[in-house]
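Down below is the structure, laid out as structure tokens.
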Amino acid sequence: MTTVLITGANRGIGLALATFLVNRGDRVIATMRDPFRIPDFLKTAPRERMMVLGMDVTDDRSVQRAAAAVKEPIDALVNNAGIHGPRGGTALDTDLAVFAEVLAVNTIAPIRVARAFLPQLKQGKNPRILTVSSQMGALSGSAQGSMAYRTSKAAVNKAMQCLAADLKPEGVAAIVLHPGWVQTDMGGASADLTPEESAAGIAGLIDMIGMKETGRFYRWDGTIHPW
Numbered sequence: 033m034t035t036v037l038i039t040g041a042n043r044g045i046g047l048a049l050a051t052f053l054v055n056r057g058d059r060v061i062a063t064m065r066d067p068f069r070i071p072d073f074l075k076t077a078p079r080e081r082m083m084v085l086g087m088d089v090t091d092d093r094s095v096q097r098a099a100a101a102v103k104e105p106i107d108a109l110v111n112n113a114g115i116h117g118p119r120g121g122t123a124l125d126t127d128l129a130v131f132a133e134v135l136a137v138n139t140i141a142p143i144r145v146a147r148a149f150l151p152q153l154k155q156g157k158n159p160r161i162l163t164v165s166s167q168m169g170a171l172s173g174s175a176q177g178s179m180a181y182r183t184s185k186a187a188v189n190k191a192m193q194c195l196a197a198d199l200k201p202e203g204v205a206a207i208v209l210h211p212g213w214v215q216t217d218m219g220g221a222s223a224d225l226t227p228e229e230s231a232a233g234i235a236g237l238i239d240m241i242g243m244k245e246t247g248r249f250y251r252w253d254g255t256i257h258p259w
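Numbering-wise (our numbering), the sequence shown opens with residue 33 and increments by one.
The following block contains the structure:
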């Protein structure tokens, strides 16, 4: 049984991934900002396979409290929680306060969570950190719009490259992944993939990642994504 901690597990890709992993026999530690609004599946999952924690990934004290509540090894951490911010925003007109909020959730929070749960990861089997990024953060792209989101994902890609190098001596792998264009509140109904399809691919990455793969950028289907 693999133990996986997932941030933002109450909806979208996070909920689909938690559901997939529990159904195949893994243990999930599902975190969400509001633990009183738990999806029905998480409420009814077998207790030995599911732990639900309240955690605001942007709040140091909240993250530290959640980490203190986890008394078991963690094999994989999936930094899934994220926000999009203004969709039409450009470098010329994006509200800088909103830009800072997007960076706080998408770029800084994954580092905060990784630091807090590093002791449990070091006790896990083949410990690895998977951070949900986006193809929109690839520097090889040049599309306009959603400047805050694109920048936050480009920044978390570099942050996780640095984390992978820093944790290599500790035997903890870290990668970033593009989950695909997914039919969620963020991706919209016309997206290519269902949350379940994306989750199945991410579960495959959880199984695949080890120290040989650390520091890389993957697509949800296991192929390498260009930086």
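Where a beta carbon is used, it is the ideal one built from N, C-alpha and C, also for glycine.
Going straight from the alpha carbon of residue 179 to that of residue 166, what length do you get? Straight across, the Cα-Cα distance linking residue 179 with residue 166 is about 13 Å.
Can you name, in chain order, every residue of its own chain whose Cβ lies under 6 Å from the Cβ of residue 161, other than the five neighbours on each side? Once the five neighbours on either side are set aside, the close Cβ partners of residue 161 are 109, 146, 206.
What residue range does the beta strand (DSSP E) around residue 54 cover? For residue 54, there is no enclosing beta strand (DSSP E); the residue is found in the alpha helix (DSSP H) stretching over 44-55.
Use the C-beta contact count for residue 221: other C-beta atoms within 10 angstroms, 16 or more gives buried, fewer gives exposed. Residue 221 comes out exposed.
Just how far apart, CA to CA, sit residue 66 and residue 188? Each residue's Cα considered, the two are about 24 Å apart.
Within 8 Å, strictly: CB atoms of residue 253 and residue 44: The Cβ atoms of residue 253 and residue 44 lie no closer than 8 Å to each other.
Using a Cβ-Cβ cut-off of 6 Å (strictly less than) and excluding sequence neighbours within five positions of residue 193, which residues of its own chain qualify? Closer than 6 Å at the Cβ level, and outside the excluded window around residue 193, lie 247.
Residue 131 versus 118, 73, 142, residue with shortest Cα-Cα distance: It is 118 whose Cα lies nearest to the Cα of residue 131.
Quick one, are the C-beta atoms of residue 225 and residue 215 less than 8 Å apart? Less than 8 Å separates the beta-carbon of residue 225 from that of residue 215.
Give me, in chain order, the residues of the same chain whose beta-carbon lies closer than 6 Å to that of residue 37; leave out the 5 immediate sequence neighbours on both sides. Only 61, 106, 109 meet the Cβ criterion.
Looking at residue 71 and residue 42, is the spacing between their C-beta atoms short of 8 Å? Result yes, Cβ atoms of residue 42 and residue 71 sit closer than 8 Å.
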